[in-house]
Each structure stands twice: as C-alpha cells, then as structure tokens.
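This is the structure in structure tokens:
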C-alpha cells in the first residue's frame, strides 16, 4: 500500500471482527513503527500488547470500573482544554454528533450514548489491545514522540490490511490497567490502540469525520 493510501484510508474503527492477528504480524508492526522519530533518538514509548485471556480480563475490569465507579477515575495528564472555544468545540461536536447519528442514537438517548461509550472499554471487540505508556519523569516533548510512534504504528497496520482505533478514553482508568498489567509506578498510561480487522458491516465504521481544507490551517511564505 502506498503511504498516501495508508494515510487516507486510516480512520478510527469502532467495531472489529474476532479474527486473530498473528504474533509475527504484531512484531512486524512494532519493528517498523520503532523507526518513528524522537528527540535525540530517546525512543520513550513502551508498548504492552494484550490478547487472549489477559485481554478478556482487562475488558471485564475496565467495564466494571466504568459501570460501578463513575466520576472516580481521572487521567494523569490533560488531553483536552479545560474550557472549549472555537473553532475546536464545533469540530468536536460535529464529530461526536456525526458518530451517534450514524448509529441512530439521538442526543436525548443517554442510555444508548453511555452504552456506546462503554464499548471503549471492550476495545470495540478488537482481538488486540496495545497500551502505550511513558516514563512519567519525561516531559512534553516525549508526548510528541509517542504520538509520532502511534501514527507510524497505525499506518503500518494499514499496510497489512488492518485497522485500528487510538483511545485516549482509556487514560482515566490507569489504576485498573496498572493492576491488570502490573505496571511499574513510573509508567504513565497514555492511551490504548485497538487493533484488528474492521467489521465492514458495522455502520459506525462507515463514519468519516470531515477534515478542514488547507486554507484553514496553512500559511505559505515566499514563492
């Protein structure tokens, strides 16, 4: 697959088939993605690949926390602005409302919205979940490095005919993940990556968020 095609066909899939992904394929993805750039080549990312019974146990623990401990979990870093403003709040709303409309869920149907949000913690039924962590003693630049690694991983997956969904929604439940994976206290849980073969019949996988035109985010200087 040409890199342009990988980029253009990558989007967040929210329902996966149970088809397993061989470990050799997973190793290949990570082998390629490790070429992602990082400041001074420090390569700050740590990846925890979870499948099979450990994944089933983690799903159960995360969904139990989501159901039974509302408001008791908080991420160890700030992802979104504390106060939203334009144009970002409108983009966020269009994305969220567009997804729910694709699923036939109306704004007032709170139970259905919660049920869809809950699917984050089943990793959208993907057969592979990767948990990305970072040594908490590192600083902001390493978040950028991990983002470039994550993008490289998702694009490499497309090259193998796989799809993915990056999940910052997992970060508030770092205590649960820490217990499930016996992570060291020095490791900060950044996000998860659900990975596998996308379900082609799932309506949510047909949702494509709109992108801004170049004129909205680009300035050219010089000839």
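Residue numbers (our numbering): 12 to 234. The C-beta atom is built at its ideal place from N, Cα and C for all residues, glycine as well.
Requested in this report: Using the Cα positions of residue 191 and residue 39, report the straight-line distance between them to the nearest angstrom.
Outcome: Residue 191 sits at position 180 when you count from the first residue of the chain shown. Residue 39 sits at position 28 when you count from the first residue of the chain shown. Each residue's Cα considered, the two are about 25 Å apart.
Query raised in the report: DSSP three-state call for residue 19: helix, strand or coil?
Result: Walking along the chain shown from the start, residue 19 turns up at place 8. DSSP places residue 19 in helix when its eight states are reduced to three.
Query raised in the report: Can you list the alpha helix (DSSP H) stretches of 4 or more residues lying completely in the region 91-162, in chain order?
Result: 99-113 and 121-129
Query raised in the report: Is the region 194-210 touching the region 22-36, taking contact as three or more C-beta pairs under 8 Å?
Result: yes
Query raised in the report: Which of helix, strand or coil does DSSP assign to residue 198?
Result: Position 187 of the chain shown, counting from 1, holds the residue named residue 198. If DSSP states are grouped into helix, strand and coil, residue 198 belongs with the strands.
Query - Continuous alpha helix (DSSP H) stretch holding residue 67: start and end - result: Position 56 of the chain shown, counted from the first residue, corresponds to residue 67. 63-79 is the span of the alpha helix (DSSP H), which, as asked, contains residue 67.
Query - the region 96-115 touching the region 164-173, judged by at least three CB pairs closer than 8 Å - result: no
Query raised in the report: Leaving out five residues before and five after residue 137 in sequence, what residues of the same chain have Cβ atoms less than 6 Å from its Cβ?
Result: Here residue 137 refers to the residue found at position 126 of the chain shown. Counting only Cβ-Cβ distances below 6 Å, and skipping sequence neighbours, we find 27, 205, 206 and 207.
Report task. Indicate whether residue 146 and residue 55 have their beta-carbon atoms separated by less than 8 Å. Result -> Taking the chain shown and counting its residues from 1, the one referred to as residue 146 is at position 135. Taking the chain shown and counting its residues from 1, the one referred to as residue 55 is at position 44. Closer than 8 Å, so yes.
Query raised in the report: Per DSSP, which one or two residues make a beta bridge with residue 7?
Result: Residue 7 cannot be examined here, being either before or after the span of the chain that is shown, 12 to 234.
**Report entry** Residue burial classification, residue 144 (beta-carbon count within 10 angstroms, cutoff 16)
**Finding:** As a first step, residue 144 is located in the chain shown; it is residue number 133 there, counting from the start. Per the 10 Å Cβ criterion, buried.
Query raised in the report: For residue 85, which of helix, strand or coil comes out of DSSP?
Result: Indexing the chain shown from 1 puts residue 85 at position 74. Three-state DSSP puts residue 85 in coil, outside helix and strand.
Query raised in the report: Along the chain, where does the alpha helix (DSSP H) that runs through residue 26 open and close?
Result: What you label residue 26 is simply residue 15 of the chain shown in a count that begins at 1. Segment: none, residue 26 is in no alpha helix (DSSP H) and carries neither H nor E.
Requested in this report: Identify every residue that forms a DSSP beta bridge with residue 6.
Outcome: The question about residue 6 has no answer, for the chain in this structure spans 12 to 234.
Query raised in the report: Taking DSSP as the reference, what is the three-state secondary structure of residue 215?
Result: For the purposes of this step, residue 215 is taken as the residue at position 204 of the chain shown. Three-state DSSP puts residue 215 in a helix.
Report task. Within the same chain, show all residues whose beta-carbon is closer than 6 Å to that of residue 86, passing over the 5 residues directly before and after it, in chain order. Result -> As a working mapping, residue 86 is identified with position 75 in the chain shown. Within the same chain, residue 86 has close Cβ partners 182 and 183.
Report task. Count the CB pairs spanning the region 147-162 and the region 116-134 that are closer than 8 Å, and state whether there are at least three. Result -> no
Requested in this report: Specify, as a first and last residue, the run of the alpha helix (DSSP H) that residue 191 falls within.
Outcome: For this step, residue 191 is matched to residue 180 along the chain shown. Unbroken alpha helix (DSSP H) run through residue 191: 185-192.
Query - Start-to-end residues for the alpha helix (DSSP H) that takes in residue 223 - result: In the chain shown, counting from the first residue as 1, residue 223 sits at position 212. Where residue 223 is concerned, there is no enclosing alpha helix (DSSP H), given that its DSSP letter is neither H nor E.
Report task. Give me the Cα-Cα distance between residue 109 and residue 215, rounded to the nearest whole angstrom. Result -> Counted from its first residue, the chain shown places residue 109 at position 98. Counted from its first residue, the chain shown places residue 215 at position 204. Cα-Cα distance, rounded: 10 Å.
Query raised in the report: Do residue 221 and residue 105 have their C-beta atoms closer together than 8 Å?
Result: If you number the chain shown from 1, residue 221 lands on position 210. If you number the chain shown from 1, residue 105 lands on position 94. Contact flag set, yes.
Query raised in the report: Can you tell which of 52, 32, 77 and 84 has the C-alpha that lies nearest to the C-alpha of residue 61?
Result: Within the chain shown, the letter at position 50 stands for residue 61. The candidate whose alpha carbon is nearest that of residue 61 is 32.
Query raised in the report: Can you tell me the Cα-Cα spacing of residue 12 and residue 81, whole angstroms?
Result: To locate residue 12, count along the chain shown from 1; it is residue 1. To locate residue 81, count along the chain shown from 1; it is residue 70. Rounded to whole angstroms, residue 12 to residue 81 spans 43 Å at the Cα level.
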